[in-house]
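Okay, structure first, notes after.
2 protein chains.
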Amino acid sequence: MARTLIKNGTFVTVADEFPIVRGSMTIENDKITYIGEHAPDDAEKFDAIIDGSGKLYMPGLVNTHCHAAMSLLRGYGDDMALQVWLETKMWPNEAKFTGEDVKWGTLLSILEMIKGGTTSFVDMYDHMDEVAKAVEQSGMRGCLTRGVIGLCPPDVQDHKLREAVQFAKDWHGKADGRITAMMSPHAPYTCPPDYIEKIVQAAHDLNLPLHTHMSETLREVLENEKQYGLRPVDHLAKLGLFSRPSLVAHAVHLNDAEIETLREHDVRVSHNPGSNLKLASGVARVPDLLKAGVLVSLGTDSSASNNNLDMFEEMRLAALIHKGVSGDPVAVPAKEALKLGTINGAKSIWLDEVGTLAAGMKADFIALDIDQAHFLPKSDYISHVIYSASAKDVTDVFVDGKQIVRGGECLTLDEEKIKFEAQRRFELLTN
Amino acid sequence: MARTLIKNGTFVTVADEFPIVRGSMTIENDKITYIGEHAPDDAEKFDAIIDGSGKLYMPGLVNTHCHAAMSLLRGYGDDMALQVWLETKMWPNEAKFTGEDVKWGTLLSILEMIKGGTTSFVDMYDHMDEVAKAVEQSGMRGCLTRGVIGLCPPDVQDHKLREAVQFAKDWHGKADGRITAMMSPHAPYTCPPDYIEKIVQAAHDLNLPLHTHMSETLREVLENEKQYGLRPVDHLAKLGLFSRPSLVAHAVHLNDAEIETLREHDVRVSHNPGSNLKLASGVARVPDLLKAGVLVSLGTDSSASNNNLDMFEEMRLAALIHKGVSGDPVAVPAKEALKLGTINGAKSIWLDEVGTLAAGMKADFIALDIDQAHFLPKSDYISHVIYSASAKDVTDVFVDGKQIVRGGECLTLDEEKIKFEAQRRFELLTN
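Protein chains in written order, with my numbering: chain A, -19 to 411; chain B, -19 to 411.
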């Protein structure tokens, strides 16, 4: 049994009762066994003792919407409208993606994510075996899904769905349980209704949740109404999507009735503020969603539309933009933003033992170097984490009790090789 | 004569004709003497030769609105409305600030700023001799002003104005020209009209520009109308403020006529997106200001309302929020956001030789470590600087040709002492 003791630390627990603890945390194998003011009496029995002075410990961040491989197209087509950007820049190049491209693009993103404190992420893409292998190697958690676009002949649709089912069968629960799977129609505007119904049925058969893009742009909502006579929420509800546990990404353009429908069906919303702003999709009604009791978490979307995978920035954007746009200075306060990036993210992907620091929880946690000017004075660490910190402040990362980043260095991946290969794949794709 | 050669570098020049150069830059004393593809023939004549491989060089960032000393109150009162926050948290504590508090708070901010790539800043505060001494010691540039609040008896008003005048006389042009001065009525809602007129007259007498807060909140605009029968722009124009070169901070709530008035008088606007969002003040009409030809730059405001001094984040916020709020995906494109943080900032504080990398310009520049996942692939460095970079990517900083940060270490200030003293001052203030 591997036992680790962290002493003299400051812990932002994200547990409701005691948000900040100064003292010790102990870990046995994959679990937190104690967190509190006291140091254990049997310190000599620990395999590793870490001095946590000058560090702030907090739960690892959970990114609930990403297409990791698309980091290969970071900076390749900015400042464009969503549909134009997808149709002229992203889709034509993504169509050329091979398994090798997905492998190295995903590893590049995982490297950025884990060094920046993200310990779990959702990925929806193609060539998902490569994604799963990258997650397995990295030591982080992945809730993975082969996203399918149904704008193709029935035999191609069927082929994609079989791939998605096979991927889920092959990988759900693998990598010591760090990998879970979902089923994913890409979006209501890219999948005909009968195809969505087939995917929902497959999710029922496999007992898996569903993930999709929904109501990202106003145009998409209006076209859905025109084509199907329903806005996307009712359309998806009618097709049975919400009969399974569901996570929808974006949900920018919602009316009150749709928010109520999402709440009724316990649909989880991945809010992607950076991507929504950059693509001018709009500002999601996050304060209203939270007020209604909808479970909201945060996603970066891909780094082609963000353009980084810094979850601290997404928490800060969530805390800032809803104040500025609503005119309500207490909208999404720091504590709420912190939950969006941690416990809410974990709940949104059905990880019941992740997202807070407490005895019995999985040891998924990160350390920030707080011996820096922007963490002073020592006034309010939740405020500092949300309004001042960045991915670059992260020094150490643990998942399932295993250290995967130490002093800013990734222990599980070959950083130099990943950077080299990612650049090479980009050149091969675009030259 | 000190001569420095940087070779094998990638330079984001922010000059219109050739935004990105791969090659060399030479510096003699305080000036850039060459930037281009070729390495000089007389490399042996340089005092220092720097290998710029893996680095991105760009102009130092210019922060055009700050109250540096207020970093002592970072995280001390978040998620509150502007007036309540000012009246219950900031002003009562700031009233207790001594010269020592201002000294250490300012040094804490300067440390954060220069390590994060900001080479020039505007500061409006009290105990300004301490601020000037800190700027002088740090090696950065400061455009400094003793901001005066006129809600006090006439003799106190006069005393403050005399202080402001004396400060300007003592410090304008000092520290090898790195310090310049302005005159500052704090805001139309904190200074009676006759007091503003006196300050304007003093600025005329001293031949100095003016700086003020203006139209930050809707409440302020409406109360100005109620009290004086004019919105703030016309009110300040009537009091002669714009008869001098002027820089106004915030300018969130403007109508079309006010934008035209600002343009007519060549009034410079310091846009503070992070602070405006956090305090729920609203979203400034930056695309309209830019379209009208108003010179817009970026400010962090104080780290009590931001809560960091990362100018990369302000550039990114400027690029993101105006797209998301306007629905126009090409609003404030990356190149424009980069100008807001560099050349526009320099022009806004009348620094004609700062803000771009070109022969003849002052050698105020910074280097970013681009051998990192979030700078890959090498697709578009302007995009990466705006949408992906942060203050923590800065490794080296030069001002006036002198290096003040090397490999992330500040060469001019005692970081440990500043952090210690800043924390101590906070504890003395709030305990």
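Yeah, the Cβ is synthetic: ideal placement off N, Cα and C, and Gly gets one too.
Note that this is a predicted model, so its numbers are computed, not measured.
Name the DSSP beta bridge partners of residue i, please?
i, result
"Lys25/B", "BP columns for Lys25/B are empty, so no partner."
"Ile15/A", "Met5/A"
"Val312/B", "DSSP output for Val312/B lists no bridge partner at all."
"Cys123/B", "Val102/B, Thr160/B"
"Thr192/A", "Val228/A"
"Pro165/A", "Val128/A"
"Lys76/B", "The partner list for Lys76/B (beta bridge, DSSP) is empty, contrary to what the question assumes."
"Phe222/B", "Per DSSP, none; premise fails for Phe222/B."
"Cys46/B", "Its beta-bridge partners do not exist; DSSP assigns none."
"Val274/B", "BP columns for Val274/B are empty, so no partner."
What is the rounded straight-line gap between the Cα of residue i and the Cα of residue j?
i, j, result
"Glu17/B", "Ser328/B", "31 Å"
"Leu393/B", "Leu198/B", "40 Å"
"Ile350/A", "Glu389/B", "16 Å"
"Leu(-15)/A", "Thr375/A", "17 Å"
"Lys95/A", "Thr170/A", "34 Å"
"Leu275/B", "His302/A", "27 Å"
"Thr6/B", "Val228/B", "36 Å"
"Lys(-13)/A", "Gln383/A", "16 Å"
"Ile15/A", "Asp31/A", "15 Å"
"Glu8/B", "Asp22/B", "13 Å"
"Leu53/A", "Ala353/B", "13 Å"
"Asp373/A", "Met60/B", "26 Å"
"Leu210/A", "Pro173/A", "12 Å"
"Glu401/B", "Glu395/B", "10 Å"
"Ser370/A", "Asp58/B", "18 Å"
"Leu66/A", "Gln403/B", "49 Å"
Using the beta-carbon of each residue, which ones in chain B are nearer than 8 Å to residue i?
i, result
"Gly301/A", "The amino acid at residue 301/A is misidentified as Gly; the sequence shows Ile. Those within 8 Å of Ile301/A in chain B are Leu257, Ile301, Gly304."
"Val263/A", "Gly304, Val305"
"Ser118/A", "Within chain B, no residue comes near Ser118/A; the closest Cβ sits about 13 Å away, beyond 8 Å."
"His18/A", "Near His18/A there are no residues of chain B at all, since even the closest Cβ is about 25 Å away, more than 8 Å."
"Pro267/A", "Near Pro267/A there are no residues of chain B at all, since even the closest Cβ is about 11 Å away, more than 8 Å."
So residue i is in the alpha helix (DSSP H); what residue range does that whole segment cover?
i, result
"Glu116/A", "108 to 118"
"Gly(-11)/B", "From DSSP, Gly(-11)/B is part of no alpha helix (DSSP H) but of the beta strand (DSSP E) over -17 to -8."
"Arg265/A", "Premise fails: Arg265/A is in no alpha helix (DSSP H) and is neither H nor E."
"Thr410/B", "395 to 410"
"Ser226/B", "Note, Ser226/B: premise wrong, no alpha helix (DSSP H); beta strand (DSSP E) at 226 to 230."
"Arg296/A", "291 to 306"
"Ala326/B", "323 to 328"
"Leu198/A", "198 to 208"
"Tyr392/B", "The sequence given here places Thr at residue 392/B; Tyr does not occur at that position. Thr392/B -> no alpha helix (DSSP H), and no H or E assigned at all."
Where do the ends of the beta strand (DSSP E) carrying residue i lie?
i, result
"Glu92/B", "Glu92/B -> not in any beta strand (DSSP E); alpha helix (DSSP H) instead, spanning 79 to 95."
"Val102/B", "98 to 105"
"Tyr37/B", "35 to 39"
"Gln181/B", "That residue, Gln181/B, is in no beta strand (DSSP E); its alpha helix (DSSP H) goes 173 to 186."
"Val385/B", "382 to 386"
"Ile350/B", "Run containing Ile350/B: none; DSSP gives neither H nor E here."
"His251/B", "248 to 251"
"Phe147/A", "Looking at the DSSP string, Phe147/A is not in any beta strand (DSSP E); the run it does join, the alpha helix (DSSP H), is 134 to 151."
"Thr375/A", "374 to 379"
Between residue i and the ligand COA, is there a pair consisting of the residue's CB and a ligand heavy atom that are separated by less than 7 Å?
i, result
"Val377/A", "This structure does not include the ligand COA; it has no bound ligands of any sort."
Along chain B, in chain order, which residues have C-beta atoms closer than 7 Å to that of residue i?
i, result
"Glu92/A", "Ala353, His354"
"Leu318/A", "Correct list: empty, because the minimum Cβ distance to chain B is about 12 Å."
Could you tell me which chain B residues have their CB closer than 9 Å to the CB of residue i, listed as they occur along the chain?
i, result
"Phe406/A", "Leu356, Pro357, Lys358, Ser359"
What residues from chain A crowd round residue i, counting only those whose CB sits closer than 9 Å?
i, result
"Val298/B", "Looking at the sequence itself, residue 298/B is Ala, so the reference to Val does not match. Result: empty, since nearest Cβ-Cβ is about 11 Å, beyond 9 Å."
"Ser370/B", "Asn288, Asp290, Glu293, Ser370, Ala371, Lys372"
Would you mind telling me which residues of chain A sit closer than 8 Å to residue i, beta carbon to beta carbon, in chain order?
i, result
"His364/B", "Arg54, Gly55, Asn287"
"Tyr367/B", "Gly55, Asp58, Lys258, Asn286, Asn287, Asn288"
"Gln403/B", "Leu356, Pro357, Lys358"
"Val377/B", "Ordered by position in chain A, no residue passes the 8 Å Cβ test against Val377/B, which lies about 14 Å from the chain."
List the residues of chain A whose Cβ lies closer than 7 Å to the Cβ of residue i, in chain order.
i, result
"Leu88/B", "Ala353, Leu356"
"Gly321/B", "In chain order: nothing, as chain A lies at least about 16 Å away."
Taking contact to mean at least 3 C-beta pairs separated by less than 8 Å, is the segment 268 to 277 of chain A in contact with the segment 229 to 243 of chain A?
The segment 268 to 277 of chain A, when compared against the segment 229 to 243 of chain A, does touch it at the 8 Å Cβ threshold.
Any contact between the segment 33 to 44 of chain B and the segment 279 to 291 of chain B? By contact I mean 3 or more CB pairs, one from each, below 8 Å.
Segments in contact, yes.
Any contact between the segment 291 to 298 of chain B and the segment 320 to 338 of chain B? By contact I mean 3 or more CB pairs, one from each, below 8 Å.
The segment 291 to 298 of chain B, when compared against the segment 320 to 338 of chain B, does touch it at the 8 Å Cβ threshold.
Does the contact criterion of 3 or more C-beta pairs under 8 Å hold for the segment 20 to 27 of chain B versus the segment 79 to 98 of chain B?
Verdict: no, contact absent.
Are the segment 155 to 175 of chain A and the segment 194 to 211 of chain A touching, with three or more C-beta to C-beta distances below 8 Å?
Between the segment 155 to 175 of chain A and the segment 194 to 211 of chain A, the count of Cβ pairs shorter than 8 Å is three or higher; the stretches touch.
Given 8 Å as the limit, is there contact between the segment 175 to 193 of chain A and the segment 141 to 151 of chain A, that is, 3 or more CB pairs closer than that?
Yes, since at least three Cβ pairs between the segment 175 to 193 of chain A and the segment 141 to 151 of chain A fall closer than 8 Å, the two stretches touch.
Are at least three pairs of beta-carbons, each pair with one atom in the segment -4 to 3 of chain B and one in the segment 111 to 131 of chain A, less than 8 Å apart?
No, the segment -4 to 3 of chain B is not in contact with the segment 111 to 131 of chain A.
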